[in-house]
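Each remark here refers to the structure printed beneath this line.
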Amino acid sequence: GAVVSQHPSRVICKSGTSVKIECRSLDFQATTMFWYRQFPKKSLMLMATSNEGSKATYEQGVEKDKFLINHASLTLSTLTVTSAHPEDSSFYICSARDLNSGRNSPLHFGNGTRLTVT
Amino acid sequence: QKEVEQNSGPLSVPEGAIASLNCTYSDRGSQSFFWYRQYSGKSPELIMFIYSNGDKEDGRFTAQLNKASQYVSLLIRDSQPSDSATYLCASQAGSARQLTFGSGTQLTVLP
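For the protein sequence lines, the chains are A and B, in the order given.
Under our numbering, the first sequence has 34 at position 53, and the numbering climbs by one with no breaks.
Here our numbering = 1-based position in the second sequence + 64.
In structure tokens, the structure reads:
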């Protein structure tokens, strides 16, 4: 089956530093990847849609200068949390869909990254 | 605003019983609907998806879709303690086919 690899799975950083999270589709290509954030006991909230070779599309209220997204190839998207603050601590999850899959095909999720900003 | 609503629960059922999870959505442009299961601290895993009105069965799971009522449900037959998790309903719409998630229903199956 389709596998999405997300790295790192857990990261602790200090306030003011930047953290990069990688999302790779291992056995399929994806022109679009989605980045979600989940706070404890809350649902997944879409942050942005990552588009291969073009700018990401951010959801309302998500700061594009703070959450930098790069989708440099059909198998890799990265999310960089810049100048991290404690309120950025959350569970970040990426997902992707095989570009050759059907219209109603499901998203495949990475294992998530637990970010803790101290 | 496009919304997906779920009863947050918690929902408790005895082992072997049928668990019924419900979901409503507001965007009539939604094309497909997905049920994911999420264990604490883990990423969601797909259980089923449905895009046609009616029922879709897969093992112990049955998804039901009623587009006129904008309602989706998931039935889990012969519930097992290992089914205890949070179940997320999601609708798919838009040109990028992004998913909008409900808040999830926490299910506990009691041994």
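Just so you know, even glycine gets a beta-carbon here, dropped at the ideal spot from N, CA and C.
- When Cβ pairs closer than 8 angstroms are counted between the two stretches, the stretch 11 to 27 of chain A is seen not to touch the stretch -9 to 1 of chain A, the count staying below three.
- Ranked by Cα distance from Arg124(B), the options Leu171(B), Gln144(B), Gly93(B) are led by Gln144(B).
- For Ala157(B), not one C-beta of chain A is nearer than 8 angstroms to its own C-beta.
- Under a 10 Å Cβ-count criterion, Val(-16)(A) is classified as exposed, with fewer than 16 other Cβ atoms of the shown protein chains found around its own Cβ.
- Between the C-alpha atoms of Asp147(B) and Ile140(B) there is a straight-line separation of about 9 angstroms.
- When CB distances to chain B are screened at a threshold of 7 angstroms, not a single residue of the stretch -18 to -6 of chain A falls below it.
- Counting along the chain, Thr164(B) sits inside the beta strand (DSSP E) bounded by residues 162 to 165.
- Of all residues in the stretch 2 to 18 of chain A, only Thr13, Phe15, Tyr17 place a beta-carbon less than 9 angstroms from a beta-carbon of chain B.
- Close to Thr30(A), with beta-carbon spacing below 8 angstroms, are these residues of chain B in chain order: Ala160, Gln162.
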